[in-house]
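Working notes, beginning with the structure itself.
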Amino acid sequence: MAVRIRMMRMGRRHRPFFRINVTDVRNPRNGTVLEWLGHLDPLEKDTSKQLVLDLDRVK
Numbered sequence: 000m001a002v003r004i005r006m007m008r009m010g011r012r013h014r015p016f017f018r019i020n021v022t023d024v025r026n027p028r029n030g031t032v033l034e035w036l037g038h039l040d041p042l043e044k045d046t047s048k049q050l051v052l053d054l055d056r057v058k
């Protein structure tokens, strides 16, 4: 089974928020998730909170 790291778009209009997850290649972007790795908030003012990843799970 081939897997891919993808960003699932969440949030509302003009206020995007992304979850970073691992899915099967054949699944759609917002389809079944194998594992959540973190999240990305591009509009967050504090840059240390923009990207949160579980680095142990990414490896």
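Going by numbering that gives the first Met the number 0, the first residue of the sequence shown is number 0, and it counts up by one from there.
We put the beta carbon where it would ideally sit given N, CA and C, even for glycine.
Every value quoted in this text rests on a predicted model; they were computed, and no experiment measured them.
Query: Looking at residue 7 and residue 28, is the spacing between their C-beta atoms short of 8 Å?; Result: yes
Query: Thinking residue 19 and residue 37 are a contact (beta carbons under 8 Å), I'd like their distance in whole angstroms, please.; Result: 5 Å
Query: Count the other CB atoms, across all protein chains shown, that sit within 10 Å of the CB of residue 22; report buried if there are 16 or more and exposed otherwise.; Result: buried
Query: Please return the same chain residues whose Cβ sits closer than 6 Å to the Cβ of residue 16, not counting the five positions on each side in sequence.; Result: 9, 10 and 40
Query: Where do the ends of the alpha helix (DSSP H) carrying residue 40 lie?; Result: Counting along the chain, residue 40 falls outside any alpha helix (DSSP H), and DSSP gives it neither H nor E.
Query: With a threshold of 16 other CB atoms inside 10 Å of the CB of residue 5, please say whether the residue is buried or exposed.; Result: buried
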